[in-house]
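Notes follow once the structure below has been shown.
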Amino acid sequence: MKNRLIKAIFLGLIASSYTINAQTESPDNSKMEWFKNAKLGIFIHWGIYSVDGISESWSFFNNYINHENYMKQLNGFSASRYHPDEWTELIKKSGAQYAVITTKHHDGVSLWNSKAEKAVTIPTHSLAKKDVLTPFVSSLKNSGLKTGLYFSLPDWSHPYYDIHTRTKKRYEIKNDPKRWEQFIHYYQTQLSELSSQYHPDLLWFDGDWEHSSTEWKAPQTLDILKKYNPGIIINSRLNNHGDYDTPEQGIPVLSPQSQYWELCYTMNDSWGYQPDDHHYKTPNMIVRTLADVISMGGNLLLDIGPKPDGTLPEQQIEILKNLGRWTSKNKEAIYGTTRGLPFENFKGKSSVAGTKKSIFLYLEEAKDFVKVYGLANKPDAVKIVGERDAKVNFSFSNEGTVIIDLSKVSFDQDVTIVELVFKNPPALMENLKKDRQVLTTILENKSTRIAAYDMADLLHSGNNLLNGSGLTSDGQDMKIPQTAKTNPETLQWISKHAEALYETGKGLPAGHYPGMSALSKDRKTLYLFVEGTPTGPIALKGIKIIFQESELWVRDLSSVIQFIINCTGVTRLELSI
């Protein structure tokens, strides 16, 4: 029995008011200004785990390899082809505004020449025999990029730390408080070294789950950091003492409640370099993820994992170069923007300019038109960002609906950005009033594409105009009333897609899919209305699918469809058109 279906329906032949404001800031949050505007940062996981290409620290913690053999990787960490200026140049060209590097992961191996008691360091204990952190930080600062330092609170190799592996503890803190105090002194000494030597703009903690704020002495640690830099930014992984949230891997379904947030995200399935992990997201998927994060008002911290010699895998370089292509083309629609329009106003991704006088729409498909609902004031112009010569016509109705004609637009290979320009900050109607439409009027529209869009949009919100209209379940022998002006092409579209239109109801809530959808009457079949031609995989967020009793197919395409499922719970439908 097939009890859960997802089907993509391609539309057409190609298939009172309030002002939009930025998030309110207090003077205490002025230090967050650069972070809020940055939008893109690069995470760097570099350590001895790259030698054998195994999971950083966790491989020995989970007893996949014993600790002694794990630490033998020190003998293969050469950094022989490490050129930090090349890293920095690539990071800057990607469009990133900051970088965060792992100064020390849970394995306790420090990239710099730490003098803390019993520290294991790359300069002293590895084949490289040199400090690899200092030249990179210097390069970042010389380039104008902000400096972020990742620091693991746990140190599973250090004799003063209580936990060694998942199954082995060295001691109980309550039974040996002096030893724990020695560890606190050790890790705070290392943080003092990092703060005094490198003056980071951001400190990225990890591993706080193993102990309480009191045990970590978190307030004392914050005082140490602020001693060297009163304006330092801290992530949330110091038992919630930080300035911003850090969701990991899973792209949020809805915009997080936190005023400031950052998604840390891998290019494949691994943080550090693993030569056998070829499950890379495509450059297109990464650009679209960045657009998604920007539309929700956050930053993307995209991870790279250098090899033990200091070079980067070619796939990672390709992704960064394509990011640079897209960010350099669309700067004004990326940096300094705030979260975009509510889903009811625009079925897609968007953002608002820092000036509050432009709305940016992020289009992930090539299509003939786009609609924005509920604008209280008319745009003065509509442009395609990065395309000076693009001519874009639009109309504005009394109901506040903007229809933008994209028929002559040359679309970007990843995401095309449409800019709505206003003389004064745009406002949205408090009570959204869409153009009043009845089925007869829609059927008389000369454009089948617009008619199909309007029916799908109304259906998505729970208003199925075809209920009781004479539509049949198979689209045959329909008795839908017609007039002399009824568009026969629209009737053909209805007949062809009858299964998705017959007695179906309200679609997915906002955030799960950047478009319109509908659910069957028994709520076991999900229909996606896909506009135009997507530039890459269609993404669904927060959808659980039972594979054994499911079927996935796409109407109107003789195509191969592949599920791409990762641990984040994001489902992507790979459409080979």
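Count the sequence shown with the working numbering and you get residues 1138 to 1714, in order. By construction, the Cβ of each residue, glycine as well, lies at the ideal position given by its N, Cα and C atoms.
Buried/exposed call for residue i, threshold 16 Cβ in 10 Å
i	result
HIS1416	exposed
LEU1391	exposed
ASN1279	exposed
THR1351	exposed
ASP1505	buried
ASP1659	exposed
ALA1621	exposed
LYS1661	exposed
SER1610	exposed
GLU1399	buried
ASN1568	exposed
PRO1618	exposed
ALA1518	exposed
THR1627	buried
GLN1613	exposed
HIS1336	exposed
ASP1526	exposed
ASN1467	buried
LYS1678	buried
GLU1715	Look at the range of the chain in this structure, 1138 to 1714, and you will see that residue 1715 is not part of it.
GLU1309	exposed
VAL1575	exposed
Through-space distance from residue j to residue i, alpha-carbon basis
i	j	result
MET1208	HIS1262	10 Å
LEU1264	LEU1290	25 Å
LEU1608	THR1623	15 Å
VAL1507	SER1657	26 Å
ALA1637	ALA1676	20 Å
TYR1365	SER1333	6 Å
LEU1177	SER1465	12 Å
SER1167	THR1475	16 Å
ASP1693	GLY1409	Confidence in ASP1693 is poor, its pLDDT being 36 and thus under 50, which makes the residue's placement unreliable; the coordinate value appears in the next sentence. Their Cα atoms are separated by approximately 41 Å.
PRO1479	ILE1300	46 Å
PRO1356	PRO1367	14 Å
ILE1456	THR1419	7 Å
GLY1719	GLY1434	Beyond the ends of the chain as shown, which are 1138 and 1714, falls residue 1719; an answer cannot be given.
MET1615	SER1632	8 Å
ALA1175	LYS1643	37 Å
LYS1449	SER1231	According to the sequence provided, residue 1449 is Leu. The question's Lys does not apply to it. Taking the straight line joining both Cα atoms gives about 14 Å.
GLY1190	PHE1497	41 Å
GLU1640	PRO1625	22 Å
ALA1236	HIS1322	27 Å
GLU1318	THR1304	23 Å
ALA1513	GLY1473	24 Å
VAL1430	GLY1648	11 Å
ASN1604	LYS1528	39 Å
LEU1375	THR1358	9 Å
VAL1257	MET1169	34 Å
THR1225	GLY1461	13 Å
Supposed close pair residue i, residue j - CB separation, criterion 8 Å
i	j	result
PRO1078	GLU1501	There is simply no residue 1078 to check, as the chain begins at 1138 and stops at 1714 in what is shown.
TRP1341	GLY1285	5 Å
SER1373	ASP1382	5 Å
ASP1244	TRP1293	6 Å
LEU1227	LEU1248	Not really, about 19 Å apart at Cβ, beyond 8 Å.
THR1239	LEU1331	12 Å between Cβ atoms; not a contact.
GLY1511	LEU1565	5 Å
LYS1283	GLN1234	6 Å
ILE1185	PHE1214	5 Å
PRO1516	VAL1539	6 Å
ILE1587	VAL1555	With a Cβ gap of about 17 Å, ILE1587 and VAL1555 do not count as contacting.
LEU1437	TYR1397	LEU1437 to TYR1397, Cβ: 13 Å. No contact.
PHE1288	LEU1328	7 Å
Any non-hydrogen atom of the ligand SAM within 7 Å of residue i CB
i	result
PRO1479	This structure lacks the ligand SAM, and indeed carries no ligand of any kind.
Are three or more beta carbon pairs between the region 1583–1596 and the region 1546–1566 nearer than 8 Å? no
At 3 residues or longer, what runs of the beta strand (DSSP E) sit wholly inside the region 1625–1669? 1653–1656 and 1662–1667
May I ask you to verify whether the region 1206–1222 touches the region 1441–1450, counting CB pairs closer than 8 Å and requiring at least 3? yes
Can at least three beta-carbon pairs, one atom from the region 1186–1204 and one from the region 1482–1492, be found at a separation below 8 Å? no
Please go through the region 1177–1224 and give each complete alpha helix (DSSP H) segment of 4 or more residues, from N-terminal end onward. 1186–1189, 1195–1198 and 1204–1208
Whole beta strand (DSSP E) runs in the region 1466–1536 with 3 or more residues, listed along the chain? 1486–1489, 1495–1500, 1506–1509, 1518–1521 and 1531–1533
Go through the region 1231–1257 residue by residue and report every complete run of the beta strand (DSSP E) that reaches 3 residues or more, in order. 1235–1241
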